[in-house]
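Take a look at the structure set out below.
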Amino acid sequence: MIVPLYNAERYITKALRSLLQERSISLEVIVVDDGSTDHSLNEVRTIHDDRLRIVPNQGKGIASALNTGLSVAQGQIIMRCDADDLYCGDRLQVQTNWLLQNPDFAAVCSNYMAIDSKGSFVVQFHCGNKAEEITHELCNGITRTHFCTYAIRTEVLRKLGGFRPYFATAEDIDFQLRLGEQGRVWYLPINCYQYRIHHHSITHTQSSTQREFFDFIAREFQQQRQTLGKDDLQHNCPPPLSLI
166 MIVPLYNAER YITKALRSLL QERSISLEVI VVDDGSTDHS LNEVRTIHDD RLRIVPNQGK
226 GIASALNTGL SVAQGQIIMR CDADDLYCGD RLQVQTNWLL QNPDFAAVCS NYMAIDSKGS
286 FVVQFHCGNK AEEITHELCN GITRTHFCTY AIRTEVLRKL GGFRPYFATA EDIDFQLRLG
346 EQGRVWYLPI NCYQYRIHHH SITHTQSSTQ REFFDFIARE FQQQRQTLGK DDLQHNCPPP
406 LSLI
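For any residue, its number in the numbering used here is found by taking its place in the sequence shown, counting from 1, and adding 165.
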């Protein structure tokens with residue numbers, strides 16, 4: 166489990182407790198601190214659990230933080246939880262067992278809902294009511310659900326090279342599209358994640374122009390790979406960030 170952390174002192178302990186309540190599987194929770202300047206780390210240190218460890222990342226960005234967590238992870242399956250969000254019930258056990266029972270699949274993902282700053286229900290996202298393979302959707306540029314609902318085999322993540330730091334945001338979109346090109350993905354119609362909407366979340370602090378730019382580039386890169394074999398980032402000539 167990788168938890169990228171940056172200035173989430175109000176929510177981080179709630180996020181971690183939602184993960185650490187799982188006792189039926191072997192679990193490691195890697196908190197990657199990306200240079201927090203508030204009391205986030207002090208909050209993490211109030212939780213005494215041998216399954217929890219902190220790794221520094223020195224403010225290098227979300228993709229770098231995820232890669233740092235991936236580099237030290239020892240488990241066979243990787244999941245992500247953002248520092249202000251929550252995991253639902255037995256999600257860890259359900260998705261882990263599904264992957265163990267279905268070795269032909271690289272990843273499994275699920276449904277999610279939104280909560281507010283106080284943890285109250287806001288909206289249920291409808292990502293599908295049918296259990297089915299969605300590899301073909303990803304290959305066509307369709308990302309059905311939130312990346313934090315994914316459970317992915319560690320070996321697949323590493324084979325893909327992890328997350329690409331060029332993406333200041335939409336690194337999850339870029340990864341999902343690349344994942345669909347390399348392995349099979351299954352969708353389970355269960356609620357497994359609570360995405361918190363608040364004014365200090367990454368989604369609200371990033372400009373809409375930045376999000377739209379990287380989302381567009383992720384899909385443009387996919388088309389390049391499908392037609393040319395490689396994208397501009399793999400050729401080391403991506404669009405300059407000065408365009409944003």
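We put the CB at the ideal spot given by N, CA and C, even for glycine.
Which residues DSSP lists as bridging residue i, in chain order
i: Ile317; result: Ile243, Ala272
i: Ile219; result: Val196
i: Gln289; result: Met278
i: Tyr252; result: Tyr358
i: Val350; result: Ala272
i: Val237; result: Partner(s): none; Val237 has no beta bridge.
i: Leu170; result: Asp198
Coil, strand or helix - residue i by DSSP
i: Asn417; result: As displayed, the chain neither begins before 166 nor continues past 409, which places residue 417 out of reach and without an answer.
i: Arg182; result: helix
i: Arg210; result: coil
i: Glu297; result: strand
i: Asp388; result: Looking at the sequence provided, one finds Gln at residue 388 rather than Asp. Residue state, collapsed to three classes: helix.
i: Gln341; result: helix
i: Asp203; result: coil
i: Glu377; result: helix
i: Arg323; result: helix
Cβ-Cβ separation, residue j to residue i (assumed contact under 8 Å), whole Å
i: Gln347; j: Leu325; result: 6 Å
i: Tyr113; j: Leu398; result: Outside the modelled stretch of the chain, which goes from 166 to 409, sits residue 113, for which no answer is possible.
i: Cys304; j: Asp250; result: The pair is not a contact, with the Cβ atoms about 28 Å apart (cut-off 8 Å).
i: Val220; j: Thr233; result: 6 Å
Through-space distance from residue j to residue i, alpha-carbon basis
i: Ala228; j: Gln391; result: 23 Å
i: Ile198; j: Gly254; result: Per the sequence presented here, residue 198 reads as Asp, with Ile not at that position. Approximately 25 Å between the Cα atoms of the pair.
i: Leu406; j: Ala316; result: 31 Å
i: Ala296; j: Ala271; result: 16 Å
i: Gly306; j: Ile167; result: 25 Å
i: Gly327; j: Pro403; result: 18 Å
i: Gly200; j: Asn222; result: 7 Å
i: Val259; j: Thr310; result: 17 Å
i: Pro354; j: Asn207; result: 37 Å
i: Ile338; j: Ile299; result: 15 Å
Proximity test, residue i beta-carbon vs the ligand PLP heavy atom, cut-off 7 Å
i: Thr178; result: Because no ligand of any kind appears in the structure shown, any question about the ligand PLP cannot be addressed here.
Cutoff 8 Å: residue i Cβ touching any chain C Cβ
i: Tyr252; result: No chain C appears in the structure shown, which is made up of a single protein chain.
| query | Counting Cβ pairs, one atom from each stretch, are 3 or more of them under 8 Å apart for the segment 372 to 384 and the segment 269 to 282? | reply | no
| field | At least three beta-carbon pairs within less than 8 Å, the segment 231 to 249 to the segment 284 to 297 | value | Counting C-beta pairs with one atom in each stretch, the segment 231 to 249 and the segment 284 to 297 have fewer than three that are closer than 8 Å, which means they do not touch.
| said: For the structure I just gave you, are there three or more beta carbon pairs, one from the segment 348 to 367 and one from the segment 278 to 285, closer than 8 Å? | reply: They touch, by the three-pair rule.
| Would you call the segment 210 to 217 and the segment 168 to 182 in contact, with 3 or more CB pairs under 8 Å? | yes
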